[in-house]
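Positions 838 to 980 (my numbering) are the ones given, in order, by the sequence shown.
Every residue gets a Cβ at the ideal spot worked out from N, C-alpha and C, and that includes glycine.
Below is one structure, written out as structure tokens; the observations come after it.
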Amino acid sequence: MSEIVMVGVDGSNTAFKAASRAADIAEGLNAELAVLTAHVKENTEVIKIGNDTWILDDAKQAQKMAERVAAKLREEHPDLSIRPVAVRGKPQEALVEEAARVGAGLLVVGNVGLKGLGRVLGSVANSVARNAPCDVLIVKTDR
């Protein structure tokens, strides 16, 4: 299993639709699926409310999100190798750089942001399609 399919997720339903399609493809190719979440900064905050103390860490939260999506996908694809990944950076840059680093054969993203103002200013999907080191599938997730 040398092929890697990578999908970017952000916790949204549309991102999960893209992840589900990526899992279908990875399973068909007998490839590993990397579920990637990006976080913009290394930030840790300590919040105290009454007697409770909460520690919020962007990297840990991103990793937990990737793990939640991976767990949900494993329910539908129990034999698929799924690896949750959290990477620091803007989503489009994190996806492109991580795909290059691991030698991904396919990057999967949703099409949210490819309409209206997002089409003019650029979206994650648009940027990934222009800069990816591999094939890109843009999944229609806005139905």
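- A check of alpha carbon separations from residue 899 across 848, 971 and 970 identifies 848 as the nearest.
- Spanning the alpha carbons of residue 853 and residue 887 requires a straight line of approximately 36 Å.
- Within a 10 Å sphere around the beta-carbon of residue 940 sit fewer than 16 other beta-carbons, which makes this residue exposed.
- Cβ contact annotation for residue 936 (same chain, cutoff 7 Å, sequence separation greater than five): 843, 944, 969, 970 and 971, in chain order.
- In its chain, beyond the 5 residues on either side, 851, 854, 855, 947, 948 and 949 have a beta carbon closer than 7 Å to the beta carbon of residue 978.
- Nearest to residue 870 by alpha-carbon distance, out of 917, 913 and 846, is 917.
- Of the residues assessed, residue 877 falls on the exposed side of the cut-off, its CB having fewer than 16 other CB atoms within 10 angstroms.
- A residue is called buried once 16 or more other Cβ atoms fall within 10 Å of its Cβ, and residue 865, having fewer, is exposed.
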